[in-house]
Amino acid sequence: MFYNKNNTEIYSLFFRIGMWWRMLYGFLRLISGLFLLHLVGTPLADIFYKIMSHELIEDPNDLLIRVIGPLLQNFSFTVNYFIAVYLVLWGIIDIFLSVNLLKRKKWAFPISIYAIGILVLYEIYRFSYTHSFVLACVIIIDIILIWLIRKEYHKLKR
């Protein structure tokens, strides 16, 4: 593809938007993880019943409560802790790398490409089990972000 200043500016704009998105997403992960860390050790069924307390008052035989409540009784607490730590760590990594990419730190570009690439591999692995439409969209967005980071890195090296 030939060099076109307008295309380069558009890619740079999408790159900046993508990095701001990753920072926002990282911040949401960080907050969610910290919230979950606060709840580690609390049975998920207790959290569910507390959130759904208004439904219990209105209709104690609610279908959602009858189905989900017993399922959560057997849910492992270690998963709760794993998810919390995962969210906190990836939130910090997303924010840190995105800020440094926006500052155009050369070292952040290859690290970001590898980090997001590893995450995409894990997401593909998870997708093979869940077949989640949302996860498929996240994978596509992450692949596009890798491509944008790579394009911006090559532009920076010129």
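Count along the sequence shown from 1, then add 6; that gives the number in the numbering used here.
We put the CB at the ideal spot given by N, CA and C, even for glycine.
Taking its Cβ as the centre, do 16 or more other Cβ atoms sit within 10 Å of residue i, making it buried, or is it exposed?
| i | result |
| --- | --- |
| D100 | buried |
| E61 | exposed |
| G123 | exposed |
| G47 | exposed |
| L103 | buried |
| S118 | buried |
| F139 | exposed |
| V73 | exposed |
| E15 | exposed |
| F41 | exposed |
To the nearest angstrom, how far is the alpha carbon of residue i from that of residue j?
| i | j | result |
| --- | --- | --- |
| F88 | N12 | 45 Å |
| M7 | K161 | Residue placement at M7 cannot be trusted, given a pLDDT of 47 that sits under 50; the coordinates are not used to answer. |
| I37 | L30 | 11 Å |
| A142 | F133 | 7 Å |
| L107 | N80 | 43 Å |
Let me know the secondary structure DSSP gives residue i once reduced to three states.
| i | result |
| --- | --- |
| T14 | helix |
| V105 | helix |
| H60 | helix |
| W96 | helix |
| G47 | coil |
| H137 | coil |
| R110 | coil |
| D52 | helix |
| P66 | coil |
| R132 | helix |
Measure the beta-carbon distance from residue i to residue j and round it to whole angstroms, keeping in mind my assumption that it falls under 8 Å.
| i | j | result |
| --- | --- | --- |
| G32 | V94 | Their Cβ separation, rounded to whole angstroms, is 10 Å, which puts G32 and V94 out of contact at 8 Å. |
| F21 | L125 | Between L125 and F21 the Cβ distance is about 18 Å, and since that is not below 8 Å, they are no contact. |
| E129 | I145 | 5 Å |
| L78 | L50 | 5 Å |
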